[in-house]
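Peer 1:
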Amino acid sequence: MEVKMNIYLDIDGVLIGSNSPQKDRVRFIKYILKHYPDSTFWLTSHCRKDVNRTAEQLQYNGDLPKKLIAKMDRIIQPNGFDTLKTDGIDFSKPFLWFDDNLFYSEKEVLQRHKALDSHIMMNKKEPKMAKIALKILKEQKLHTDNP
Ligand SMILES: [Mg+2]
Numbered sequence: 248m249e250v251k252m253n254i255y256l257d258i259d260g261v262l263i264g265s266n267s268p269q270k271d272r273v274r275f276i277k278y279i280l281k282h283y284p285d286s287t288f289w290l291t292s293h294c295r296k297d298v299n300r301t302a303e304q305l306q307y308n309g310d311l312p313k314k315l316i317a318k319m320d321r322i323i324q325p326n327g328f329d330t331l332k333t334d335g336i337d338f339s340k341p342f343l344w345f346d347d348n349l350f351y352s353e354k355e356v357l358q359r360h361k362a363l364d365s366h367i368m369m370n371k372k373e374p375k376m377a378k379i380a381l382k383i384l385k386e387q388k389l390h391t392d393n394p
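Each step along the sequence shown adds one to the number in this note's numbering, with nothing skipped, and position 49 is 296.
1. Is it buried or exposed, residue 313, if we count other Cβ atoms within 10 angstroms and call 16 or more buried?
2. Counting C-beta neighbours from all protein chains within 10 Å, is the total for residue 321 16 or more, i.e. buried, or is it exposed?
3. Can at least three beta-carbon pairs, one atom from the stretch 332 to 340 and one from the stretch 350 to 360, be found at a separation below 8 Å?
4. May I have all residues whose beta carbon comes closer than 5 Å to any heavy atom of ligand 1, sorted in chain order?
5. Rank 360, 379, 301 and 268 by C-alpha distance to the C-alpha of residue 341 and give the top, closest one.
6. Would you list the residues sitting across from residue 346 in a DSSP beta bridge?
7. Count the other C-beta atoms from every protein chain shown that fall within 10 angstroms of the C-beta of residue 259, then say buried if there are 16 or more, exposed otherwise.
8. Grab me the residues of residue 287's own chain with a C-beta within less than 6 Å of its C-beta, minus the 5 sequence neighbours each way, in chain order.
9. Flag this pair as yes or no: are the beta carbons of residue 328 and residue 256 separated by less than 8 Å?
10. Report the rounded CA-to-CA distance for residue 302 versus residue 318, giving the unit in angstroms.
11. From the DSSP output, read off the bridge partner residues of residue 288.
12. For the 8 Å Cβ check, are there 3 or more pairs between the stretch 269 to 283 and the stretch 361 to 378?
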């Protein structure tokens, strides 16, 4: 059974520019593409209204395999926002948002929607972060599959 949950992904400090080993970040990304192919969205400054530069950013400023970047580009949906990243979140659905940052104003919006737990703070200095994030995803799936 596919889980009805949206995934929101930041790029810098999460998929690239983090101390997590490449193989762990690749595993994390592949898991998302496999289990949430229809409900994963960019939530990054590299994807604003009408301008999606995520593939360029991943390709020129990161270390991920080209094939994987192409697959992400096909599957992950663009999602523009104006000022706050929370503007790009659909609060009517359960979600997980992986980001290495959270502005105070965004935190307030999450709190208002009782969704603070849906933001996963990705510590880019922590080498185990991608592994931890994958574990969170797997636990979430277990929880959602067997309510
Ligand atoms: Mg970031």
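Idealized CB from N, CA, C, for every residue including glycine.
Peer 2: Well, looking at it:
1. If you number the sequence shown from 1, residue 313 lands on position 66. Taking all protein chains shown into account, residue 313 has fewer than 16 neighbouring C-beta atoms within 10 Å of its C-beta and is therefore exposed.
2. In the sequence shown, counting from the first residue as 1, residue 321 sits at position 74. With fewer than 16 other Cβ atoms inside 10 Å of its own Cβ, residue 321 counts as exposed.
3. With a cut-off of 8 Å on Cβ pairs, the stretch 332 to 340 is in contact with the stretch 350 to 360, counting three or more such pairs.
4. That gives 257, 259, 260 and 347.
5. Within the sequence shown, numbered from 1, the residue matching residue 341 stands at position 94. Nearest C-alpha to residue 341: 360.
6. Against the sequence shown, residue 346 aligns to sequence position 99. Residue pairing by DSSP puts residue 346 in a beta bridge opposite 368.
7. If you number the sequence shown from 1, residue 259 lands on position 12. Buried, since its Cβ has 16 or more Cβ neighbours within 10 Å.
8. As a working note, residue 287 is residue 40 in the sequence shown. Closer than 6 Å at the Cβ level, and outside the excluded window around residue 287, lie 254, 279 and 323.
9. Taking the first residue of the sequence shown as 1, we reach residue 328 at position 81. Taking the first residue of the sequence shown as 1, we reach residue 256 at position 9. No, these two residues do not count as a Cβ contact at 8 Å.
10. As a first step, residue 302 must be located in the sequence shown, where it is residue number 55. As a first step, residue 318 must be located in the sequence shown, where it is residue number 71. Those two C-alpha atoms are separated by around 10 Å.
11. Residue numbering aside, residue 288 sits at position 41 when the sequence shown is read from its first letter. In DSSP, residue 288 forms a bridge with 255 and 324.
12. Here the stretch 269 to 283 lies against the stretch 361 to 378, with 3 or more beta-carbon pairs under 8 Å apart.
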